[in-house]
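Residue numbers (mature numbering (1 follows the signal peptide of the UniProt record, and there is no 0)): -30 to -1, 1 to 438.
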């Protein structure tokens, strides 16, 4: 009977409260008696934080961006944080660029405004991690992938040359050789490839039998006077020194002859190419390229040397302490020499001129050095009383240990002989060591002439550089 004792105003208030509660329930639930699917068609929820209350509350994401299209500033008002706003806005403004995931090979995708970014798993890279896939490898190739540089010894070392790739390396061969199925061995594919040794031995003492190395020649004039040593580069090409050709006067090609191997034949010279930067009386660029009138016929007693790539030549073949060998044409014992650094050469040898990086020094492995006296500029000078030993080749054709200027020095590596230098005898004290022209620094010039020779493009006259 509690209701009966309530006053009329109280009953009105209770009724209003009940009606207000029902109204709020309708507003919140968005439905009265219709089912969920029907309510989605006919009913629409009221705006959240409606009327004046929205001005004093935090921005509402549902109201601002899902009930209506919102601006970046309205989204920022809700998140109150630039980083979170950027993440939301990237997907809200142009859709989620990472759905579906465009990153391949397990890459992680980050959505951006109108774009995406892939974080790739090594070794893949690229916009969608599409690059860098490695094919199925053999057991040998898999073991190579552990190297970041070319191995020089062991079962995976290349027989001739090597180039590094991503997590691996690749072997390649000189012209005239073919890379075998093991991807490291080089076998001849022509009858007489360059620098091919007898199969019986790798020892240099057995390479130069019958009084001569099979790639070595000498250059003489029409009177039979020995001028230079030299080396066969092709059937019609000889590389020698330039200064020894001009000890007294310019020698025309028709007055020059090449004597190959241990033969007694005099082969006439057709063309002489002096290095374009050679100057008489200066030790630099001391090279001459001779073309024969008639090509030689190669045999086991007459072959040409290989011209190695620059990096392989300087870092492997000519590494300090590595052995090379040379020999006087026509007789004498094979001389085994050790490569020296330029600093060792400057400090330990009596050199009469400034050494450049286009030269190198070698000394006999059994040589006993006499003391030298380095000057303040770091270049050694001869002992007192020995100045007469160092003379200019333009006025004196003295032989260095019975070796002619232009005599080649070679190095054996994995059964192949490579040319590294030509002797510059008149510029050093030969008892202490020998100075050579570094052939690796002239490969562009030599290769250009070799290509012209192959194409029959070499002119029929001598090419002398300007004397000034």
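Positions of the beta carbon are idealized from the N, C-alpha and C atoms, including for glycine.
| With a Cβ-Cβ cutoff of 8 Å, do residue 332 and residue 307 count as a contact? | The count along the chain shown starts at 1 and reaches residue 332 at position 362. The count along the chain shown starts at 1 and reaches residue 307 at position 337. For residue 332 and residue 307, yes; Cβs fall inside 8 Å.
| request: Measure the C-alpha to C-alpha separation of residue 143 and residue 420 and round it to an integer number of angstroms. | output: By 1-based counting over the chain shown, the position of residue 143 is 173. By 1-based counting over the chain shown, the position of residue 420 is 450. Roughly 18 Å between the two C-alpha positions.
| message | If contacts are defined as beta-carbon pairs under 8 Å, then residue 139 and residue 205 qualify, I think. What distance do you get, rounded to the angstrom? | response | Within the chain shown, residue 139 is the residue found at index 169, counting from 1. Within the chain shown, residue 205 is the residue found at index 235, counting from 1. Not really, about 34 Å apart at Cβ, beyond 8 Å.
| field | Distance between residue 393 and residue 129 (C-alpha atoms, nearest Å) | value | By 1-based counting over the chain shown, the position of residue 129 is 159. By 1-based counting over the chain shown, the position of residue 393 is 423. Distance between the alpha carbons of residue 129 and residue 393 is about 28 Å.
| Along the chain, where does the beta strand (DSSP E) that runs through residue 240 open and close? | Here residue 240 is taken as the residue at index 270 of the chain shown, counted from 1. Counting along the chain, the beta strand (DSSP E) containing residue 240 begins and ends at 237 to 244.
| field | Contact between the stretch 406 to 423 and the stretch 268 to 285 (3+ Cβ pairs under 8 Å) | value | Here the stretch 406 to 423 lies against the stretch 268 to 285, with 3 or more beta-carbon pairs under 8 Å apart.
| said: Just to check my reading of the structure: residue 77 and residue 88 have Cβ atoms closer than 8 Å, yes? What is that Cβ distance to the nearest angstrom? | reply: Translated into the one-based positions of the chain shown, residue 77 becomes position 107. Translated into the one-based positions of the chain shown, residue 88 becomes position 118. Correct: roughly 4 Å between the Cβ atoms.
| DSSP beta-bridge partners of residue 334 | Residue mapping note: residue 334 aligns to position 364 of the chain shown, counting from 1. In DSSP, residue 334 forms a bridge with 307.
| task | Leaving out five residues on either side along the sequence, give the residues of the same chain with a beta carbon under 6 Å from the beta carbon of residue 132. | result | Along the chain shown, one-based indexing puts residue 132 at 162. If we look at residue 132 and ignore the five residues flanking it on each side, its Cβ neighbours are 120, 139, 141.
| Is the CB-CB distance between residue 380 and residue 266 below 8 Å? | Residue mapping note: residue 380 aligns to position 410 of the chain shown, counting from 1. Residue mapping note: residue 266 aligns to position 296 of the chain shown, counting from 1. No; because the gap between Cβ atoms is not below 8 Å, this pair is not in contact.
| query | In whole angstroms, what is the alpha-carbon distance linking residue 311 and residue 375? | reply | Position 341 of the chain shown holds residue 311. Position 405 of the chain shown holds residue 375. If I take the Cα positions, the gap works out to 21 Å.
| message | Once the 5 residues before and after residue -30 are set aside, which same chain residues still bring their CB inside 6 Å of it? | response | Here residue -30 corresponds to residue number 1 of the chain shown, with the count starting at 1. A caution first: residue -30 carries a pLDDT of 44, below 50, which makes its placement in the model unreliable, though a value can still be read off. Correct list: empty, nothing qualifies.
| query | Across which residues does DSSP place residue 157 in a beta bridge pair? | reply | The sequence position of residue 157 within the chain shown is 187, counting from 1. Per DSSP, 148.
| query | Taking C-beta to C-beta, are residue 199 and residue 377 nearer than 8 Å? | reply | Taking the chain shown and counting its residues from 1, one reaches residue 199 at position 229. Taking the chain shown and counting its residues from 1, one reaches residue 377 at position 407. Yes, the pair counts as a contact, with Cβ atoms nearer than the cut-off.
| field | Candidates 289, 241, 271, 403, of which the one nearest residue 261 by Cα | value | Position 291 of the chain shown, counted from the first residue, corresponds to residue 261. Ranking 289, 241, 271, 403 by Cα distance to residue 261 puts 241 first.
| message | Which same chain residues end up closer than 7 Å to residue 287 when comparing Cβ atoms and leaving out the 5 residues on each side of it in sequence? | response | As a working note, residue 287 is residue 317 in the chain shown. Closer than 7 Å at the Cβ level, and outside the excluded window around residue 287, lie 278, 381, 383, 388, 390.
| request: Output the boundary residues of the beta strand (DSSP E) element that contains residue 232. | output: Taking the chain shown and counting its residues from 1, the one referred to as residue 232 is at position 262. Per DSSP, residue 232 lies in no beta strand (DSSP E) and is assigned neither H nor E.
| request: Name, in chain order, the residues that DSSP records as bridge partners for residue 383. | output: For this step, residue 383 is matched to residue 413 along the chain shown. Answer is 386.
| said: Quick check on residue 416: does DSSP put it in helix, strand or coil? | reply: The residue you call residue 416 lines up with position 446 of the chain shown. Reduced to three states, the DSSP call for residue 416 is helix.
| said: Using 8 Å as the threshold, is the C-beta distance between residue 326 and residue 254 below it? | reply: On the chain shown, position 356 is the one that residue 326 refers to. On the chain shown, position 284 is the one that residue 254 refers to. Yes, the pair counts as a contact, with Cβ atoms nearer than the cut-off.
| task | Could you pull the start and end residues of the beta strand (DSSP E) that residue 140 belongs to? | result | Counting from one through the chain shown, the residue named residue 140 turns up at place 170. Here the beta strand (DSSP E) through residue 140 covers 138 to 142.
| task | Take the Cβ of residue -14 as the centre, count every other Cβ of all protein chains shown within 10 Å, and call the residue buried at 16 or more, exposed below. | result | Residue -14 sits at position 17 when you count from the first residue of the chain shown. The residue in question, residue -14, is exposed, as its Cβ has fewer than 16 Cβ neighbours within 10 Å.
| query | Is residue 293 near residue 229, with beta carbons less than 8 Å apart? | reply | Here residue 293 refers to the residue found at position 323 when the chain shown is read from its first residue. Here residue 229 refers to the residue found at position 259 when the chain shown is read from its first residue. Not in contact: residue 293 and residue 229 (Cβ atoms no closer than 8 Å).
| task | If I'm right that residue 273 touches residue 158 with Cβ under 8 Å, what's the distance once you round it to whole angstroms? | result | Counting from 1 along the chain shown, the entry for residue 273 is found at position 303. Counting from 1 along the chain shown, the entry for residue 158 is found at position 188. Contact between residue 273 and residue 158 does not hold, since their C-beta atoms are separated by about 11 Å, which reaches or exceeds 8 Å.
| field | Buried versus exposed call for residue 251 [16 or more other C-beta atoms within 10 Å across all chains shown] | value | Your numbering for residue 251 matches position 281 in the chain shown. Answer is exposed; the Cβ neighbour count stays below 16.
| task | Tell me where the alpha helix (DSSP H) around residue 317 begins and ends. | result | Position 347 of the chain shown, counted from the start, is the residue given in the question as residue 317. Looking at the DSSP string, the run of the alpha helix (DSSP H) that includes residue 317 is 312 to 318.
| Status (buried if at least 16 other CB within 10 Å, exposed otherwise) for residue 316 | The count along the chain shown starts at 1 and reaches residue 316 at position 346. Flag for residue 316 reads buried.
| field | Buried versus exposed call for residue 160 [16 or more other C-beta atoms within 10 Å across all chains shown] | value | Taking the chain shown and counting its residues from 1, the one referred to as residue 160 is at position 190. By the 10 Å Cβ count, residue 160 comes out exposed.
| query | So, is residue 489 buried or exposed, given that buried needs 16 or more other C-beta atoms within 10 angstroms? | reply | Beyond the ends of the chain as shown, which are -30 and 438, falls residue 489; an answer cannot be given.
| field | Range of the contiguous alpha helix (DSSP H) that encloses residue 49 | value | By one-based count along the chain shown, residue 49 stands at place 79. Looking at the DSSP string, the run of the alpha helix (DSSP H) that includes residue 49 is 42 to 49.
| message | Taking the straight line between their C-alpha atoms, what separation do you get for residue 101 and residue 86? | response | Working through the chain shown from its first residue, we reach residue 101 at position 131. Working through the chain shown from its first residue, we reach residue 86 at position 116. Looking at the two C-alpha atoms, the distance is approximately 17 Å.
| query | Tell me the DSSP bridge mates of residue 293? | reply | Here residue 293 refers to the residue found at position 323 of the chain shown. BP columns for residue 293 point to 308.
| field | Residues bridged to residue 422 (per DSSP) | value | Position 452 of the chain shown, counting from 1, holds the residue named residue 422. Answer is none; residue 422 lacks a bridge partner.
| When the Cα of residue 80 is compared with those of 93, 94, 415, 98, which residue comes out closest? | The residue labelled residue 80 in the question sits at position 110 within the chain shown. Among 93, 94, 415, 98, the Cα nearest to that of residue 80 belongs to 98.
| Do residue 237 and residue 264 have their C-beta atoms closer together than 8 Å? | On the chain shown, position 267 is the one that residue 237 refers to. On the chain shown, position 294 is the one that residue 264 refers to. Yes; because the gap between Cβ atoms is below 8 Å, this pair is in contact.
| message | For a test of your reading of the model: does the CB of residue 328 fall under 7 Å from any non-hydrogen atom of the ligand FMN? Yes or no. | response | Ligands displayed in this structure: none; no statement on the ligand FMN is therefore possible.
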